[in-house]
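Residue numbering for the sequence shown follows our numbering, starting at 659 and increasing by one per position.
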Amino acid sequence: MPKSIVIVGGGTAGWLAAMMLSDVAKRKGWGSKVSVIESSKIGTIGVGEGSTAVFRQMLKHFELSEEEFLRETGATIKYGIRHRDWRRVGHSYDGPIDDPALVSPGVPLDTYAVAAGRPVGEAHLFQHLLSRNRAPVAVKDGRSIPAGPFHHAFHFDQSLAGAWLRKKAKGINLIDDQVKGIETGEGGISALLLDSGARVEGDFFLDCTGFRREIISKMGAEWISYNGMLPVNRAMPFWVDLKVGEEIAPCTTAWAQKNGWIWQIPTQDRYGMGYVYSDAHTTPEEAKREVEAALGHEISPRNDIKIQSGRQKEAWVGNCVALGLSSSFLEPLEATSIHGTIVQVMMLAEWLDDPAGRARYNAAVARQVDDFRDFIRFHYVTERRDSAFWRDVSASHPEFVKDRLALWQTRMPEAGDFEPFPLGLPHLQGQLYVPVLNGLGHLSQAAARQAMAKVPALREKARAVHGGLVAEYARAAAQCLPHRAWLQSLAE
Ligand SMILES: Cc1cc2nc3c(=O)[nH]c(=O)nc-3n(C[C@H](O)[C@H](O)[C@H](O)COP(=O)(O)OP(=O)(O)OC[C@H]3O[C@@H](n4cnc5c(N)ncnc54)[C@H](O)[C@@H]3O)c2cc1C
């Protein structure tokens, strides 16, 4: 059992790890001391604003108040992602998160919807809340009533969320200093050497130093690049103020452009936005002009980040684990980064004291990030050919993407197409793939109709359940409070 866990880096990854590992160390009786070394001279990444449902589950696990989180960090609710102009210019589709089948196990609602030519999100509460810009609560007789059993996500300012987590993490030994070097012994790292001249010993180390990858790079770690697989390689973040009284959309917008896509993430007073683009197809100056033409106003880019998509071949080397940006990075199209970090810490908590833990952890993280990469790649199989970027992308779809799409032309995606993740932890499954595939026109109505025709009794059941859910969710969403008004009420 590690008696001393040392986390280097005080960004979202570092503080999530500190909170979660100190909790597990207490619960398992490890008696470990947890320290965070962060450098006030080096900022955090300053972007990263969309979470997945796992973040909310984590708040619930720690009995942290969601209302307090929303109030103190200016966060907003996210039910999913609106994909604009991906399939073709002028077309839009939504990808609601969490699993709508939760309330109707065994009923093939997606197959029914595709056969009937209806949007697959229609039988999901989140689609209705998203379309109506509603909060996840209604108020009756002065009491807040949750709209449904599903877990929504949040949009937040990464630095405010990180600072809030830092405040909530209890019993952590905090050191403000910069790690300059490592001392190694038989088991891996024995101590860290700090700028001040201090030396910090430990049994287990986490590298949460962001893109610097300060510790893991000294451990002989090998980086696997995804650059050949994903078509964009730069990100230009900027902010746009929300207008006074403007309703806040409870979804991320991913808006496809001629050379990539723009993210738009609302917090309570501004949009965090950015253009993720391919520098093989445009320059930073042209990219900025392209954004300004799309938005109809000037922007002030905060940065122009070179994206190195990929992951560590092994995120756990010796007694050191790379976490957060130092472990992997993908364009933020499905907000996989902070989600991935939380799931990784959950696995670490389970396997840190297991002799086979390192191999299990490395295999699981490799699979997790590779699966995220593949899912993102599917988003690029579109009808767009209106720029060299889209023509190049369409000419370079990997074989596995083509094979899978060919399979899903013959039948609907099945649970067996998505292998369960170790320890039953949340991962990509049909409910995330289906709205994207359907939105991009990759699901076959003929195949869905055939499947429905095979079992008429099931089709009738699906029709009845579908109709009931659509009506119930429309009614429930209409009763929920407007998103912005609800957020404002939390501050009063
Ligand atoms: C353009 C872009 C958009 C993104 N969008 C999303 C999104 O929508 N959703 C999502 O989930 N994620 C997103 N991410 C990823 C997300 O920002 C990160 O996963 C998250 O913020 C965690 O970052 P981090 O803690 O690993 O690194 P950082 O925030 O960079 O923190 C690094 C920390 O290490 C410290 N440090 C560095 N070197 C040393 C040293 N030598 N000694 C001591 N301390 C050191 C720094 O002081 C800092 O505290 C995005 C990232 C980018 C680049």
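The beta carbon of each residue, even a glycine, is placed where N, CA and C say it ideally should be.
Reduced DSSP category for residue i - H, G, I as helix; E, B as strand; rest coil
i: residue 968; result: strand
i: residue 842; result: strand
i: residue 937; result: coil
i: residue 890; result: coil
i: residue 928; result: strand
i: residue 1044; result: coil
i: residue 920; result: strand
i: residue 975; result: strand
i: residue 896; result: strand
i: residue 984; result: helix
i: residue 962; result: coil
i: residue 768; result: helix
i: residue 1148; result: helix
i: residue 1090; result: helix
i: residue 865; result: strand
i: residue 1140; result: strand
i: residue 1128; result: helix
i: residue 902; result: coil
i: residue 1008; result: helix
i: residue 878; result: coil
i: residue 1098; result: coil
i: residue 1083; result: coil
i: residue 1052; result: helix
i: residue 997; result: helix
i: residue 774; result: helix
i: residue 1133; result: helix
i: residue 871; result: coil
i: residue 956; result: coil
i: residue 1122; result: helix
i: residue 780; result: helix
i: residue 1073; result: helix
i: residue 907; result: coil
Start and end residues, beta strand (DSSP E) containing residue i
i: residue 913; result: 910–915
i: residue 882; result: 881–883
i: residue 1153; result: Coverage of the chain is limited to positions 659 through 1150, which leaves residue 1153 absent and any answer about it impossible.
Unbroken alpha helix (DSSP H) run spanning residue i, endpoints
i: residue 662; result: No alpha helix (DSSP H) holds residue 662; the beta strand (DSSP E) holding it covers 662–666.
i: residue 1064; result: 1057–1068
i: residue 990; result: Note, residue 990: premise wrong, no alpha helix (DSSP H); not H, not E.
i: residue 670; result: 670–685
i: residue 1105; result: 1103–1112
i: residue 1037; result: 1015–1037
i: residue 943; result: 942–953
Assumed close pair residue i, residue j - CB separation to whole angstroms, cut-off 8 Å
i: residue 752; j: residue 740; result: 5 Å
i: residue 778; j: residue 1093; result: 5 Å
i: residue 813; j: residue 925; result: 6 Å
i: residue 731; j: residue 815; result: 7 Å
i: residue 744; j: residue 914; result: 5 Å
i: residue 664; j: residue 858; result: 6 Å
i: residue 639; j: residue 981; result: Outside the displayed span of the chain (659 to 1150) sits residue 639, for which this structure offers no information.
i: residue 1005; j: residue 1090; result: With 8 Å as the limit, residue 1005 and residue 1090 do not qualify as a contact, their Cβ atoms being about 20 Å apart.
i: residue 834; j: residue 696; result: 6 Å
i: residue 923; j: residue 707; result: 4 Å
i: residue 860; j: residue 1054; result: Not really, about 45 Å apart at Cβ, beyond 8 Å.
i: residue 978; j: residue 830; result: In fact, because the Cβ distance is near 19 Å, the residues do not count as touching under 8 Å.
i: residue 1136; j: residue 790; result: 7 Å
Distance cut-off 8 Å: residue i Cβ against heavy atoms of ligand 3
i: residue 708; result: The model on display carries ligand 1 but not ligand 3.
Self-check item: Uninterrupted beta strand (DSSP E) stretches inside the region 784–862 (no shorter than 3 residues)
Solution: 795–798, 801–804, 811–813, 831–834, 837–843, 846–852, 857–859
Quiz item: Where in the region 673–760 do unbroken runs of the beta strand (DSSP E), each at least 3 residues long, occur, reported from the N-terminal end onward?
Solution: 691–696, 734–736, 738–742, 750–754
Quiz item: Counting pairs of Cβ atoms below 8 Å between the region 660–680 and the region 822–834, do you hit three or more?
Solution: yes
Quiz item: Do three or more CB pairs link the region 962–974 to the region 880–895 at distances below 8 Å?
Solution: yes
Quiz item: Would you call the region 940–951 and the region 1015–1023 touching, i.e. three or more CB-CB distances under 8 Å?
Solution: no
Quiz item: Between the region 1101–1111 and the region 768–783, do at least 3 Cβ pairs fall closer than 8 Å?
Solution: yes
Quiz item: Can at least three beta-carbon pairs, one atom from the region 1125–1138 and one from the region 1070–1084, be found at a separation below 8 Å?
Solution: no
Self-check item: the region 895–912 / the region 928–945 touching (three or more Cβ pairs under 8 Å)
Solution: yes
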